[in-house]
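For reference, the structure discussed in these notes is given below.
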Amino acid sequence: MFLTYDDQEDILFIKFIDRPVIQDVSYSWNINIGFTDKGIGQITILDAKEYGLMPIEFDTKLQSILYDQYFSNFQNVHKKVMYK
Numbered sequence: 001m002f003l004t005y006d007d008q009e010d011i012l013f014i015k016f017i018d019r020p021v022i023q024d025v026s027y028s029w030n031i032n033i034g035f036t037d038k039g040i041g042q043i044t045i046l047d048a049k050e051y052g053l054m055p056i057e058f059d060t061k062l063q064s065i066l067y068d069q070y071f072s073n074f075q076n077v078h079k080k081v082m083y084k
């Protein structure tokens, strides 16, 4: 998953999978969802800060869990690649 925020334009972009978008659907004037052959591929939200979606804050417990999962996954992938 890839998340980016353009603070000058107030646009939040979330990419779930790196596949070509085959259909874009606007659910309102500020929310656009890009569908791939596997489902939702990306979401673009205009005026994200105005609607309270930015800044993103994580509970400290959740932040710790996410970090541990990401770090553990990274370490396992790194070991598989480095020590085949």
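Residue numbers (UniProt numbering): 1 to 84.
Virtual Cβ for every residue (Gly too), placed ideally from N, Cα, C.
Outcome for Q42 when other beta-carbon atoms lying within 10 angstroms are tallied against a minimum of 16 = Within the sequence shown, the letter at position 42 stands for residue 42. So Q42 counts as buried.
Bridge-paired residues (DSSP) for S28 = For the purposes of this step, residue 28 is taken as the residue at position 28 of the sequence shown. In the DSSP output, where bridge partners are listed per residue, S28 has I31.
query = Using DSSP with H/G/I as helix, E/B as strand and the rest coil, what is I7?
reply = As a working note, residue 7 is residue 7 in the sequence shown. The sequence shown places Asp at residue 7, not Ile. D7 falls in the coil class under three-state DSSP.
ask   = Just to confirm, are V25 and F35 a CB contact at a threshold of 8 Å?
value = Position 25 of the sequence shown, counted from the start, is the residue given in the question as residue 25. Position 35 of the sequence shown, counted from the start, is the residue given in the question as residue 35. A contact, by the Cβ cut-off of 8 Å.
message = Quick check on I45: buried or exposed, where buried means 16 or more other Cβ atoms within 10 Å of its Cβ?
response = By one-based count along the sequence shown, residue 45 stands at place 45. With 16 or more other Cβ atoms within 10 Å, it is buried.
message = By alpha-carbon positions, which one of R19, Y27, K49 and W29 ends up nearest to D37?
response = Position 37 of the sequence shown, counted from the first residue, corresponds to residue 37. Checked all of R19, Y27, K49 and W29; the closest Cα to D37 is R19.
ask   = Can you tell which of I33, I40 and I11 has its C-alpha closest to the C-alpha of K49?
value = Here the question's residue 49 lines up with position 49 in the sequence shown. Closest by alpha carbon: I11.
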